[in-house]
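Everything below concerns the one structure shown next.
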Amino acid sequence: MKRSLQSRRSRATALLASAAVLAGLAAAPTATAAATAAAPAALGVTAPAAATVVPTAGAASASIAPTAAPVVPGRGNTAANLFQWTWNAVAAECTRTLGPNGYAYVQVSPPQEHVPGGAWWTSYQPVSYRLESKLGTRAEFAAMVDTCGDAGVKIIADTVINHMAGADSSGTGSGGSSYGVDSFPGLYGRNDFNDCRTDITNYGDRWQVQNCRLVSLQDLRTGSDYVRTKIADYMNDLIGLGVAGFRIDAAKHIPASDLEAIKARLSDPSVFWVHEVIGSAGEPIQPSEYLGSGDSHEFQYARNLAGYFDGNIAGIRGISNGLLGSDRAGVFVDNHDTERDTHGTMSYKWGAKYVLGNVFLLGYDYGWPTVYSGYKFTDRDAGAPMSGGRVQDASCANGAVWTCTHDWTEIAGMVGFRNTVGSAPVTRWWDNGANAIAFGRGDRGYVVVNNQASGLNQTFQTSLPAGTYCDVVASRTCAETITVDDSGRFSAQIPQYGALAIHVGARAGDVPTDPTDPTDPAEATTVFYSTSQGWSAHRMHYRVGSGAWTTAPGEVLAPACAGWVSRTVPTDGAVITAAFTNGSGTWDNNGSADYRLSGAVAAVKDGRVTAANPCAQAPSDTTTVYYATDRGWSTYRVHYRVGSGAWTALPGEALAPACAGWVSRTVASAGQPVTAAFTSGSGQWDNNGSADYRLTGAHVAVRGGQVTPGSPCA
Ligand code: LM2
Ligand code: CA
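According to mature numbering (1 follows the signal peptide of the UniProt record, and there is no 0), the residues represented by the sequence shown are -33 to -1, 1 to 681, in order.
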């Protein structure tokens, strides 16, 4: 095992200098938090007492507040948040990665009509509840729900119901509706907005936070029957299209009782809701208040996570102290607000630690996790690339734009881990008192997280059955295995900023083809035999389980790929006992012991059996990286790492001329993504705006910040 998740950027430089800290999101209370102001009686809104109300399960509103996103059988309940992905792109991604990786939910950006413009946040300024937006049409949204459903993935819609457009804007929305101040024809007029027409300035004042304007956004009178009905109609429309859950945007700015009244009007009042309530110590409104109508996002978890990973993680078991109960807390490493503004969470810009944070999020047993996946940015307001008024369809092949966090090998592996360990408790905790931890999930799985700048050499005590396990953080192809002995122990070397995870759903030779049922035993074993002995023919003499032996000299092995022959034997999960021969007197019977072969793949070479398919890896064994020479550097180098392995020594390795305008280098990538930056070797760097490039496939070209699959020289 030689892997590392080396962080080349310090946290300090990784943190964003926020261009515009939204007061409502930064949520730092003033030291002199005013006493809760009573609402003017004329509004008919009574400000509740400032004390935090914590409804318990079984409270009167229980029927509208089921706990935690419902588990999808065989799949768990992990969500991916594909921020600013179009409906067409989400649909394709459900089929391509979200379903196969084992996600149960995908949270999508707000689908309603919104104000025009290229900033991402136009999505948060509704103009009407028509489903016509820069992310797609109503028909495309409906098709996405169906396609994702077929892939086993349910939709969570981000719903913006606290407010409409900003009071500073008027014009025509993304669906063609005209709008202006107090004017949303056919939907809302002046009387449908709260009477406070000034911006929120004091987060210590409950009434103000809920009745005044968040950054000038016109605040809906959610206390009124009419407004509640319109909001419920919108959500019922989405439920009718098959939406399974809702993120309630800006829930802190809506009284909990208004939300309960709205939820009670839904066609399915027990539909899953998660409230976006940015809890902050000392403020009167807290996430726990909203448990009467659903779960709440626990922002403090994300802040705590960043704090531990920025320092030492040995104490991370305390991460949920004082937070919402595990079954009521939506948790994440970051979201679209926290990656931009100063919220004290990690973001993709943290590099290796961000990966480790996601490994912990998915490995530990607190909360309902959402993996955040957005796009790269430097300008806080910049939206995803648009054309013709629509966001361009996201694609993970375009790593220069989209982070595709949800499909990183480590994270995809951990989604499978979480689905396999289910509700098994955290057991066998180990830490080194500093920056490395490990823990089991009962007898289902085991995780190691090394947040140190140095490697970790350690023996771990698990409760796992003995066997050979795939490290699902290291690869998707069982390229790295861990052997647990009869007493449940294994030894491993985890490099700096590295992780390891094993679980009973991914054992060597038990290569899961269907992540929804990863424990299915292999029904056939494909046996590979190396041709390195130079025999002119290859045969296998064998029996399955306690069945009869083949007639000597056995069955022919057919050419499989360079250096290997193979044969697939139906086994129904039984072990094959075998010896190999050239058919004319020479035998390899494993020194008279015979070979015991099991699992989906068994490859025999030099007296050893391994579970990895030696031919499957062959096509993706290497990645040839092409880089355009239009920068005019005198030399070109690539500084890279494979998967979560070690980085090359600086300044990296030379690229050689490939064809006119291009240099290239072939990297032994073993089917894993290559993370790379390019340099002249004398100070100039192209590191993709600090995000690095993620390069996959046999041939991949980088030019002008764009990554294109295939060879430009072909
Ligand atoms: C949220 N949760 O409570 C969203 O997660 C967050 O992303 C939203 O802010 C906010 N609440 C309102 O839904 C974003 C963005 C703001 C942006 C608003 C509205 O962070 O910057 O405000 O959406 O689009 C923008 C301008 C702001 C302007 C406002 C109204 O940045 O300066 O205020 O539009 O035109 C004058
Ligand atoms: Ca409000």
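Using N, Cα and C, we set each Cβ at its ideal position, and we do this for glycine too.
*In angstroms with no decimal places, state the Cα-to-Cα distance between Gln51 and Leu102.*
7 Å
_Whole angstroms are fine: how far does the CA of Ala59 sit from the CA of Ala541?_
38 Å
*Do the CB positions of Ser293 and Asp262 come within less than 8 Å of each other?*
no
*In chain order, what are the residues with a CB under 7 Å from some non-hydrogen atom of ligand 2?*
Asn129, His130, Asn161, Gln177, Asn178, Asp186, Leu187, Thr189, His220, Ile221
_Among the candidates Ala468, Lys219, Val148, whose CA atom is the shortest distance from the CA of residue 734?_
The question about residue 734 has no answer here: the residues shown for the chain are numbered -33 through 681.
*Using 7 Å as the cut-off, classify the Cβ of Ala269 as near or not near the heavy atoms of ligand 1, replying yes or no.*
no
*asked:* Any heavy atom of ligand 1 inside 7 Å of the beta-carbon of His303?
replied: yes
*Look at the alpha carbon of Gly47 and the alpha carbon of Ala475, and state the distance between them as a whole number of angstroms.*
Correcting the residue type first, residue 47 is Ala in the shown sequence and not Gly. Cα to Cα, Ala47 sits roughly 28 Å from Ala475.
_Those runs of the beta strand (DSSP E) which lie wholly inside the segment 495 to 522 and span at least 3 residues_ = 506 to 511
*Taking Cβ to Cβ, would you say Val210 is nearer than 8 Å to Ala109?*
no
*asked:* Shorter than 7 Å, the distance from the beta carbon of Tyr91 to the closest heavy atom of ligand 1, or not?
replied: yes
*Assign Ala403 to one of three DSSP states: helix, strand, or coil.*
strand
*Leaving out five residues before and five after Val440 in sequence, what residues of the same chain have Cβ atoms less than 6 Å from its Cβ?*
Glu377, Gly380, Ala466, Leu467, Ala468
*If we ignore side chains and look at the alpha-carbon of each, how far apart do Ala560 and Gly574 end up?*
11 Å
*Are the beta-carbon atoms of Asp166 and Val182 separated by less than 8 Å?*
yes
*With residue 683 and Gly140 assumed to form a contact (beta carbons below 8 Å), what rounded beta-carbon distance in angstroms separates them?*
This structure gives no information on residue 683, because the portion of the chain shown stretches from -33 to 681.
_Gln419 beta carbon less than 8 Å from that of Gln463_ = yes
_Where Gly383 sits in the DSSP three-state scheme_ = helix
_For a quick check, are the C-beta atoms of Asn55 and Asp360 less than 8 Å apart?_
yes
*asked:* Restricting to Cα atoms, I'd like to know which of Tyr321, Gly521, Asn203, Val393 is closest to Gly285.
replied: Val393
*Ignore the nearest five residues each way along the sequence and tell me which others in Leu524's own chain have a CB closer than 7 Å to its CB.*
Tyr496, His505, Arg506, Met507, Val532, Ser533, Arg534
*Going by CA-CA distance only, name the one from Thr62, Thr114, Val120, Ser95 that's closest to Tyr72.*
Val120
*Is Asp301 buried or exposed, if buried means 16 or more other CB atoms sit within 10 Å of its CB?*
buried
*Can you tell me where the alpha helix (DSSP H) with Gly465 in it begins and where it stops?*
Taken as a continuous stretch (DSSP letters only), Gly465 belongs to no alpha helix (DSSP H), being part of the beta strand (DSSP E) at 465 to 470.
*Would you say Ala391 touches ligand 1, meaning its beta carbon is less than 7 Å from a heavy atom?*
no
*Quick one: using the 10 Å Cβ neighbour count with 16 as the cut-off for buried, is Leu328 buried or exposed?*
buried
*Helix, strand or coil at Met313 according to DSSP, with G and I counted as helix*: coil
*Between Ala217 and ligand 1, is the CB less than 7 Å from at least one heavy atom?*
yes
*Is it right to say Arg157 is buried, meaning 16 or more other beta carbons lie within 10 angstroms of its own, or is it exposed?*
exposed
*Mark Ile651 as exposed unless 16 or more other C-beta atoms lie within 10 angstroms of its C-beta, in which case mark it buried.*
Going by the sequence as given, residue 651 is Gln instead of Ile. Per the 10 Å Cβ criterion, exposed.
*Starting from the Cα of Arg456, find the closest Cα among Gly407, Gly143, Gln500 and give me that residue.*
Gly407
*Provide the residue span of the alpha helix (DSSP H) that contains Lys343, from first to last.*
Taken as a continuous stretch (DSSP letters only), Lys343 belongs to no alpha helix (DSSP H), as it is neither H nor E.
*Go ahead and pull the three-state DSSP assignment for Lys572.*
strand
_Between the segment 586 to 604 and the segment 633 to 644, can you find at least three pairs of beta-carbon atoms closer than 8 Å?_
yes
*DSSP state of Ser601, grouped into three classes?*
coil
*Starting from the C-beta of Ser90, find all residues in its chain whose C-beta is less than 6 Å away, skip the five residues before and the five after it, and write them out in chain order.*
Ser76, Pro77, His81
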